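Encoded as structure tokens, the structure appears first; notes follow it.
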Amino acid sequence: TAMLNNQPMGFYHPATLVKDAQRHGVRFAPIDVQESDWTCRVEADGRVRLGLMSVNGLRQEVGRRVAERLRPERCASLTASPAVPPGTSRCPKCGCDDPSMLEDTLTGEARRSAAGAKAGRFCNICAHEWAALAQASAPEVGSAETLAPKAAPKAGSASAPYASIDDLIARTGIRRDELATLAEIGALNALGYDRRSALWQIEKAVRPAGALFAGREGTEGAEPAEETPVCSPPPPAGDTSPLHPMTPSERLMADYAGTSLTIGPHPVAHRRAELALRGVLRASDLPQGRHGRRVRVAGAVITRQRPGTAKGFVFLTLEDETGIANIIVRPDLYAEQRGIIVGAPYLLVEGTLQIQEGVTSVKAERVASLAGGPPPESHDFR
Numbered sequence: 546t547a548m549l550n551n552q553p554m555g556f557y558h559p560a561t562l563v564k565d566a567q568r569h570g571v572r573f574a575p576i577d578v579q580e581s582d583w584t585c586r587v588e589a590d591g592r593v594r595l596g597l598m599s600v601n602g603l604r605q606e607v608g609r610r611v612a613e614r615l616r617p618e619r620c621a622s623l624t625a626s627p628a629v630p631p632g633t634s635r636c637p638k639c640g641c642d643d644p645s646m647l648e649d650t651l652t653g654e655a656r657r658s659a660a661g662a663k664a665g666r667f668c669n670i671c672a673h674e675w676a677a678l679a680q681a682s683a684p685e686v687g688s689a690e691t692l693a694p695k696a697a698p699k700a701g702s703a704s705a706p707y708a709s710i711d712d713l714i715a716r717t718g719i720r721r722d723e724l725a726t727l728a729e730i731g732a733l734n735a736l737g738y739d740r741r742s743a744l745w746q747i748e749k750a751v752r753p754a755g756a757l758f759a760g761r762e763g764t765e766g767a768e769p770a771e772e773t774p775v776c777s778p779p780p781p782a783g784d785t786s787p788l789h790p791m792t793p794s795e796r797l798m799a800d801y802a803g804t805s806l807t808i809g810p811h812p813v814a815h816r817r818a819e820l821a822l823r824g825v826l827r828a829s830d831l832p833q834g835r836h837g838r839r840v841r842v843a844g845a846v847i848t849r850q851r852p853g854t855a856k857g858f859v860f861l862t863l864e865d866e867t868g869i870a871n872i873i874v875r876p877d878l879y880a881e882q883r884g885i886i887v888g889a890p891y892l893l894v895e896g897t898l899q900i901q902e903g904v905t906s907v908k909a910e911r912v913a914s915l916a917g918g919p920p921p922e923s924h925d926f927r
């Protein structure tokens with residue numbers, strides 16, 4: 546967290562630091578207006594919660610005001626969720642059943658040994674974690690347990706979690722463009738909306754009600770009742786937007802546009818099936834290869850170096866979902882393909898695998914631009 550909280554520093558961009566940490570077992574939690582502080586922090590369960598300082602275009606004074614609220618400690622909505630049968634892939638807090646937003650918190654042997662006990666699940670929509678098989682014992686809707694009152698700060702108070710997008714606007718003075726960025730990166734998902742639905746609700750909140758919302762005039766903007774819950778229940782059916790939820794690729798692009806990083810799949814992972822058909826190896830496969838073998842590797846360019854003492858050789862670092870690959874570019878190839886090598890955010894390299902004294906690299910013979918994906922930040926020579 547210290548490296549993420551003190552950017553810019555060091556050689557690698559935060560996007561690379563996050564992916565390297567994930568490959569080493571560190572778990573990250575997304576930016577959330579109900580949970581995030583201004584800076585990154587380590588939560589009680591060991592996850593690193595990204596801070597609002599990572600949001601592009603968010604003013605520091607506004608971000609700090611957003612973070613002043615008390616975290617809701619994952620309080621349950623007063624609209625109780627029905628019991629979910631064991632094995633059903635559905636978040637018991639927000640009801641999300643999108644497989645791309647739900648993940649297992651146990652993998653490999655740990656997951657197999659947990660079968661029949663507590664197979665952990667995590668929802669990227671509302672940042673809720675639960676034991677999947679514990680859903681079977683969820684209380685029935687209307688039971689005394691679900692109707693029992695919960696002591697919590699009153700909605701609208703300075704220390705309460707945000708009850709709605711309107712509440713967030715009123716308490717922080719956040720601008721429309723800043724709200725839109727928070728919606729696009731999923732930071733408003735805990736209020737009960739997916740990313741595009743949150744964008745729809747923002748337009749509703751900042752524009753005067755017209756004919757589209759005529760039926761609700763006179764009810765919006767009213768003072769909240771004293772017993773209004775501090776955790777917003779899921780939006781009513783009539784309050785949904787006509788916009789389709791973002792696809793995984795669209796969420797990836799939105800993450801990079803809003804924060805210049807993602808805690809979801811690496812950009813190259815979205816194209817791995819296509820690259821495998823073209824004979825492209827993963828970075829983690831290279832050390833197991835044979836010295837002198839002809840290989841193909843692809844990735845995001847995260848560094849470009851051309852030391853003055855290297856006689857014109859250029860050194861690139863490509864990153865994919867499994868790690869990094871070191872590329873050596875001859876002076877003549879650099880002169881021939883300079884535009885691609887300097888300008889393309891993703892490269893496909895074909896060359897000779899070199900493994901010497903435990904150091905693995907690829908001596909490039911052909912270089913091509915790999916289209917698609919968000920442009921990563923790179924550390925380049927001048």
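Under my numbering, the first residue of the sequence shown carries the number 546, and numbering increases by one thereafter. Glycine is no exception: its CB is placed at the ideal position from the N, C-alpha and C atoms. Since this is a predicted model, take the numbers as computed values, not measurements.
Hey, could you find the ends of the beta strand (DSSP E) Leu898 is sitting in? Within the sequence shown, the letter at position 353 stands for residue 898. Per DSSP, Leu898 belongs to the beta strand (DSSP E) from Tyr891 to Gln901.
Can you check which of these residues, Cys668, Ala732, Leu826 and Val842, is closest to Ser599 by C-alpha distance? What you label residue 599 is simply residue 54 of the sequence shown in a count that begins at 1. Per the Cα distances, Ala732.
Alpha carbon to alpha carbon, what distance is there between Ile730 and Gly806? Residue numbering aside, residue 806 sits at position 261 when the sequence shown is read from its first letter. Residue numbering aside, residue 730 sits at position 185 when the sequence shown is read from its first letter. A small fix is needed here, since residue 806 is Leu in this sequence, not Gly. Going from the Cα of Leu806 to the Cα of Ile730 covers about 10 Å.
If you check the beta carbons only, do Gly834 and Leu826 fall under 9 Å apart? Stepping through the sequence shown from its first residue, residue 834 is reached at position 289. Stepping through the sequence shown from its first residue, residue 826 is reached at position 281. With respect to Leu826, Gly834 sits close: the two C-beta atoms are nearer than 9 Å.
Please say whether Leu797 and Ser742 have beta carbons closer to each other than 9 Å? Indexing the sequence shown from 1 puts residue 742 at position 197. Indexing the sequence shown from 1 puts residue 797 at position 252. Not in contact: Ser742 and Leu797 (Cβ atoms no closer than 9 Å).
For Arg734, name the three-state secondary structure that DSSP assigns. Mapped onto the sequence shown, residue 734 falls at position 189. According to the sequence as given, residue 734 is Asn; it is not Arg. Reduced to three states, the DSSP call for Asn734 is helix.
Distance, Cα to Cα, Leu861 vs Thr897? The residue you call residue 861 lines up with position 316 of the sequence shown. The residue you call residue 897 lines up with position 352 of the sequence shown. Cα to Cα, Leu861 sits roughly 15 Å from Thr897.
Lys749 - DSSP class collapsed to helix/strand/coil: Translated into positions along the sequence shown, residue 749 becomes position 204. Here Lys749 sits in helix by DSSP.
What separation, rounded to the nearest whole angstrom, lies between the Cα atoms of Arg497 and Arg592? No answer is possible for residue 497: it lies beyond the span of the chain, which begins at 546 and ends at 927.
Using only CA atoms, which one of Leu727, Ala676, Ile900 and Asp877 lies nearest to Phe858? Translated into the one-based positions of the sequence shown, residue 858 becomes position 313. Cα-wise, what sits closest to Phe858 is Asp877.
Would you mind reading off the limits of the alpha helix (DSSP H) that contains Ile714? Numbered from its first residue, the sequence shown carries residue 714 at position 169. Unbroken alpha helix (DSSP H) run through Ile714: Ile710 to Thr717.
Among Pro921, Gln901 and Gln899, the one whose alpha carbon lies nearest that of Gly888: Reading the sequence shown from its first residue, position 343 is the one you call residue 888. It is Pro921.
Inspect the CB distances between the segment 601 to 615 and the segment 569 to 582 and report whether three or more fall short of 8 Å. yes
Do the segment 706 to 720 and the segment 551 to 565 touch if we need at least three Cβ pairs shorter than 8 Å? no
Please return the same chain residues whose Cβ sits closer than 8 Å to the Cβ of Ile885, not counting the five positions on each side in sequence. Mapped onto the sequence shown, residue 885 falls at position 340. Within the same chain, Ile885 has close Cβ partners Leu892, Val912, Ala913 and Ser914.
According to DSSP, simplified to helix, strand and coil, what is Gly884? As a position in the sequence shown, residue 884 is number 339, starting the count at 1. It is helical.
Residue range of the unbroken beta strand (DSSP E) whose run includes Arg849: Within the sequence shown, the letter at position 304 stands for residue 849. Where Arg849 is concerned, the enclosing beta strand (DSSP E) stretches over Arg839 to Gln850.
Where do the ends of the beta strand (DSSP E) carrying Ser914 lie? For the purposes of this step, residue 914 is taken as the residue at position 369 of the sequence shown. Element bounds for Ser914: Val904 to Ser914.
One or two residues paired with Ala676 in a DSSP bridge: Looking up residue 676 in the sequence shown gives position 131. DSSP, once it has assigned bridges, lists Gly665 as partnering Ala676.
For Lys856, which residues in the same chain have their Cβ closer than 8 Å to its Cβ, ignoring the five residues on either side in sequence? For the purposes of this step, residue 856 is taken as the residue at position 311 of the sequence shown. If we look at Lys856 and ignore the five residues flanking it on each side, its Cβ neighbours are Pro876.
Nearest-angstrom Cα distance between Gln746 and Pro790? Within the sequence shown, numbered from 1, the residue matching residue 746 stands at position 201. Within the sequence shown, numbered from 1, the residue matching residue 790 stands at position 245. Approximately 14 Å, taken between the alpha carbons.
Starting from the C-beta of Arg594, find all residues in its chain whose C-beta is less than 7 Å away, skip the five residues before and the five after it, and write them out in chain order. Numbered from its first residue, the sequence shown carries residue 594 at position 49. Excluding sequence neighbours, Arg594 sits near Ala574, Glu580, Ser581, Cys585, Arg586 and Glu588.
Closest to Glu866 by CA distance: which of His836, Thr717, Ala715 and Val846 is it? Here residue 866 is taken as the residue at index 321 of the sequence shown, counted from 1. The shortest C-alpha separation from Glu866 is found at Val846.
I need the straight-line Cα distance from Thr764 to Pro812, nearest angstrom please. Translated into the one-based positions of the sequence shown, residue 764 becomes position 219. Translated into the one-based positions of the sequence shown, residue 812 becomes position 267. Residue placement at Thr764 is poorly supported in this model, since its pLDDT is 46, which falls under 50; the coordinates still yield a value, given next. When rounded, the distance between both Cα atoms is 44 Å.
According to DSSP, which residues form a beta bridge with Asp865? Along the sequence shown, read from residue 1 onward, the residue named residue 865 stands at position 320. Per DSSP, Gly868.
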